[in-house]
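Novice: Residue numbers (my numbering): 0 to 71.
#1: Quick one: what does DSSP say residue 37 is sitting in, helix, strand or coil?
#2: Spatial neighbours of residue 24 within its chain, please: C-beta separation below 8 Å, excluding the five flanking residues on both sides.
#3: For residue 5, which option in 54, 17, 31 has the closest C-alpha, if you only look at C-alpha atoms?
#4: Out of 27, 9, 65, 20, which has the shortest C-alpha to C-alpha gap to residue 38?
#5: If contacts are defined as beta-carbon pairs under 8 Å, then residue 58 and residue 21 qualify, I think. What distance do you get, rounded to the angstrom?
#6: Using the beta-carbon count (16 or more within 10 Å), is residue 63 buried or exposed?
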């Protein structure tokens with residue numbers, strides 16, 4: 000995933016959790032902890048090196064959830 004797409008995915012995930020559209024069965028604190036570790040570079044996009052593998056999996060799961068919601 001390129002940096003711009005990853006950045007957009009992270010911002011979308013933050014927004015969906017904040018609005019309550021997406022929940023992680025009481026594990027939102029863990030997700031926020033993973034999101035807080037993400038740093039941005041001078042260009043405003045995420046530093047890929049600060050995105051954990053756990054967060055990448057959560058982003059993928061959220062994307063599948065979003066797509067299934069659109070289909071159902």
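Glycine included, C-beta positions come from ideal geometry on N, C-alpha and C.
Specialist: With the given structure in hand:
#1: Within the chain shown, numbered from 1, the residue matching residue 37 stands at position 38. Residue 37 falls in the coil class under three-state DSSP.
#2: By one-based count along the chain shown, residue 24 stands at place 25. Within the same chain, residue 24 has no close Cβ partners at all.
#3: If you number the chain shown from 1, residue 5 lands on position 6. Comparing Cα positions, the closest option is 54.
#4: Your numbering for residue 38 matches position 39 in the chain shown. Cα-wise, what sits closest to residue 38 is 9.
#5: Locating residue 58 in the chain shown gives position 59, where the first residue counts as 1. Locating residue 21 in the chain shown gives position 22, where the first residue counts as 1. That belief does not hold up - the Cβ atoms of residue 58 and residue 21 are roughly 11 Å apart, past 8 Å.
#6: Locating residue 63 in the chain shown gives position 64, where the first residue counts as 1. Residue 63 is exposed by the Cβ-count criterion.
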